[in-house]
Amino acid sequence: MYSTAMSLSAAAAAVASSSRPDAIRPAGLRFCGLRREALGLRSLQTSPQAVAARRSVVAAASAAENGTAGSGGFDYDLVIIGAGVGGHGAALHAVEKGLKTAIIEGDVVGGTCVNRGCVPSKALLAVSGKMRELRDEHHMKSLGLQVPSAGYDRQAVADHANNLASKIRSNLTNSMKALGVDILNGIGTIVGKQKVRYGKVGFPDNEISARNIIIATGSVPFVPKGIEIDGKTVFTSDHALKLESVPDWIAIVGSGYIGLEFSDVYTALGSEVTFVEALDQLMPGFDPEIAKLAQRILINPRKIDYHTGVFASKITPAKDGKPVLIELIDAKTKEHKETLEVDAALIATGRAPFTKGLGLENINVVTQRGFVPVDERMQVSNLYCIGDANGKLMLAHAASAQGISVVEQICGKDNILNHLSIPAACFTHPEISMVGLTEPQAREKADKEGYEVSVVKTSFKANTKALAENEGDGLAKMIYRPDTGEILGVHILGLHAADLIHEASNAIALGTRVQDIKFAVHAHPTLSEVLDELFKAAKVSSGVSSSVSEPVAA
Ligand SMILES: Cc1cc2nc3c(=O)[nH]c(=O)nc-3n(C[C@H](O)[C@H](O)[C@H](O)COP(=O)(O)OP(=O)(O)OC[C@H]3O[C@@H](n4cnc5c(N)ncnc54)[C@H](O)[C@@H]3O)c2cc1C
């Protein structure tokens with residue numbers, strides 16, 4: 000889905016140097032949020048004249064191709080509210096399709112992912128991975144390496160995360176400017192069916208009209224009642240990513256992927272961690288078998304303890320020499336259980352949609368717990384909402400893919416995104432990744448629909464590349480239908496699991512079945528052979544046709 004048929008610099012050269020429509024629209028090039036910034040976009044900067052020329056040429060070409068008729072009386076074909084990765088992905092695809100596009104941003108370009116999410120957190124995790132390795136004497140010795148001692152400079156680590164966010168932010172901004180997206184600064188409010196005002200808070204002085212509107216306003220940390228945030232000792236991921244301190248003892252409230260990633264960072268940098276989790280098991284969103292293994296690999300050997308089945312009903316920041324106080328109550332009975340005294344608390348209890356002040360009441364859209372209720376085409380009323388604000392799948396690449404899907408529809412091509420083919424990853428050491436259904440979900444679905452499911456597993460311990468790295472901890476597991484070969488879910492815990500999942504997610508997206516993919520050839524020795532083994536281990540009924548015309552598992 001996100002394949003790059005030609006390099007971006009080649010694409011940029013084509014954009015800058017040619018006025019022929021067929022030359023400036025490289026076939027197969029998809030501009031998808033997180034892919035693009037990683038490649039750096041300085042080479043895409045073009046003169047305003049070139050941009051204007053390109054825009055008119057592409058608009059004309061695309062209008063002919065897509066049946067769209069330019070802006071026809073509207074200021075824009077498309078206005079996007081929110082320049083996070085969802086808005087960015089939609090904007091780039093829209094200009095590729097020749098739509099006259101503007102994006103309104105009330106804060107800084109890049110939104111959560113770039114400034115307060117994926118990007119800085121992965122910079123911190125890169126450091127934590129290296130620290131963990133360097134400090135693991137046994138691991139180092141087994142490779143024949145001697146490392147006297149490993150230390151870190153907190154501010155320099157924080158700077159690494161901050162610098163990466165700035166770099167990616169400017170790449171995102173440049174990519175939009177270079178391709179002719181108008182970036183409008185201010186808070187956007189929908190004032191009518193096809194009208195948006197924007198400007199400073201309380202002064203939305205500028206009004207523009209658009210044939211189509213996409214809401215891409217994202218989300219903010221959700222802080223439960225009773226928790227007082229001071230940003231220093233009780234904080235959310237927004238503050239934690241600045242790494243202003245490394246507390247000796249930190250409680251992490253919530254053991255989803257954000258909490259888990261931060262536990263990886265903090266323990267590598269020397270903190271002790273206490274998880275507070277309302278549900279009865281840690282990592283409740285993961286496949287239970289993977290969560291159990293993750294507990295064995297990522298929790299038990301580290302300086303981490305945990306309380307499950309409890310709510311943090313009240314959290315008071317450290318003050319006047321007193322520590323942070325966390326009142327725990329039983330999640331079911333609501334009875335007081337105990338009070339924790341820690342140096343700091345990170346609140347990682349999920350995200351809330353950011354849809355306040357958007358003017359949804361002006362177009363009769365009623366939110367559900369703040370989320371914009373969209374259908375499978377991301378449509379509500381006569382506009383669209385993508386990304387965290389619709390709550391379908393709160394991940395950066397999902398936001399971007401939804402944006403691309405919407406632009407396809409705007410251009411007259413029906414496009415429904417199969418959310419069950421969208422992978423997710425947790426960037427701990429080792430990583431966890433998943434796509435599709437967990438085993439209990441698959442069994443429940445199979446019971447209802449009346450078919451069998453089978454499960455196969457392979458271990459990283461049998462993989463040469465993993466063993467060469469001395470990183471044999473890990474498991475890959477596939478849930479599939481033995482009668483048809485349909486892949487229902489794949490879950491991986493192990494070295495580079497986040498990179499490995501795409502073979503499975505693409506198979507689900509493209510409708511490739513086990514009986515076909517098991518013949519795909521994998522280079523040796525690579526980690527991808529873990530999946531190769533998995534596919535080969537699956538047993539599909541003989542005589543099943545392998546030709547598939549539609550994506551499965553939708
Ligand atoms: C700590 C952390 C780590 C994460 N790690 C990952 C990861 O590794 N991989 C992954 O896929 N996802 C990750 N995520 C999730 C990911 O960041 C979000 O899913 C993604 O940012 C959602 O993109 P979006 O475009 O919907 O919204 P956002 O990125 O939140 O962007 C919304 C933008 O809209 C702007 N805006 C809001 N209202 C208005 C308005 N009225 N007018 C103008 N502008 C407005 C905001 O200022 C913001 O810039 C992480 C999140 C966090 C918090």
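In terms of numbering that gives the first Met the number 0, the sequence shown opens at residue 0 and continues consecutively. No residue lacks a Cβ here, since even glycine has one placed at the ideal position from N, Cα and C.
Excluding the five sequence neighbours on either side, which residues of its own chain have a C-beta within less than 6 Å of the C-beta of S127, listed in chain order? D263, V264 and A267
Check whether the Cβ of T111 lies closer than 6 Å to any heavy atom of ligand 1, and answer yes or no. Distances from the CB of T111 to the heavy atoms of ligand 1 include at least one below 6 Å.
Looking at the strands, I want to know which residues DSSP matches up with N205. Y197
Alpha-carbon to alpha-carbon, V405 and D135: 47 Å
Indicate whether F353 and T172 have their beta-carbon atoms separated by less than 7 Å. no
Helix or strand or just coil, what does DSSP make of E451? In this structure, E451 counts as coil in the three-state DSSP scheme.
Pair within 7 Å by beta-carbon distance, L494 and A441: no
For Q145, which three-state DSSP category applies? coil
One question on the structure: do L419 and A293 come within less than 7 Å of each other, judged by their Cβ atoms? no
With a Cβ-Cβ cutoff of 7 Å, do K456 and L474 count as a contact? yes
Helix, strand or coil at I421 according to DSSP, with G and I counted as helix: coil
Please give me, in chain order, every unbroken run of the beta strand (DSSP E) with length at least 3 that falls completely inside the region 351-416. The region 351-416 contains these whole beta strand (DSSP E) runs: 382-384.
Who are the Cβ neighbours of A122 in its own chain at under 6 Å, not counting the five residues just before and after it? H159, A160 and L163
Could you give the C-beta distance for I249 and A157, rounded to a whole number, given that I count them as a contact under 8 Å? Not a contact, Cβ separation roughly 16 Å.
Taking all protein chains shown into account, decide if R512 is buried (16 or more other Cβ within 10 angstroms of its Cβ) or exposed. buried
Would you check if there are 3 or more beta carbon pairs closer than 8 Å linking the region 83-95 to the region 183-201? no
Whole angstroms is fine: what's the gap from V520's alpha carbon to K460's? 20 Å
Determine the DSSP secondary structure at G88, reduced to helix, strand or coil. helix
Length of the line joining the Cα atoms of R210 and G230: About 42 Å.
When burial is assigned at 16 or more other CB atoms within 10 Å of the CB, is A197 buried or exposed? It should be noted that the sequence gives Tyr, not Ala, for residue 197. So Y197 ends up on the buried side.
Rounded C-alpha distance that separates L327 from A290: 23 Å
Would the C-beta of H428 count as close to ligand 1, meaning under 6 Å from any of its heavy atoms? no
E375 classed as buried or exposed, judged by whether at least 16 other C-beta atoms fall within 10 angstroms: exposed
Using only the heavy atoms of ligand 1, determine whether one of them is closer than 6 Å to the beta carbon of M393. yes
Bridge partners of T483, per DSSP? DSSP lists no partner for T483.
Specify whether the region 330-343 and the region 297-304 touch according to this definition: at least 3 beta carbon pairs, one from each stretch, less than 8 Å apart. Between the region 330-343 and the region 297-304 there are fewer than three inter-stretch CB-CB distances shorter than 8 Å, so the stretches are not counted as touching.
What is the residue span of the beta strand (DSSP E) that F234 lies within? V233 to T235
Measuring alpha carbon to alpha carbon, tell me which residue in K318, G308 and A149 is nearest D329. G308
Mark L144 as exposed unless 16 or more other C-beta atoms lie within 10 angstroms of its C-beta, in which case mark it buried. exposed
With H, G and I counted as helix, E and B as strand and the rest as coil, what does DSSP make of G542? coil
Please state whether the Cβ-Cβ distance between P316 and T427 is less than 7 Å. no
Of all the options R350, N381, I507 and T332, which has the alpha carbon lying nearest to the alpha carbon of R368? Per the Cα distances, R350.
Could you tell me how far apart the beta carbons of A388 and I214 are, in whole angstroms, since I believe they sit closer than 8 Å? 6 Å
Here's the rule: buried if 16 or more other CB atoms are within 10 angstroms of the residue's CB, otherwise exposed. What is Q401? buried
I think A506 touches I516, with their Cβ atoms under 8 Å apart; what is that distance to the nearest whole Å? 5 Å
N119 versus Y256 - alpha carbon distance: In the sequence as displayed, the identity of residue 119 is Pro instead of Asn. Taking the straight line joining both Cα atoms gives about 15 Å.
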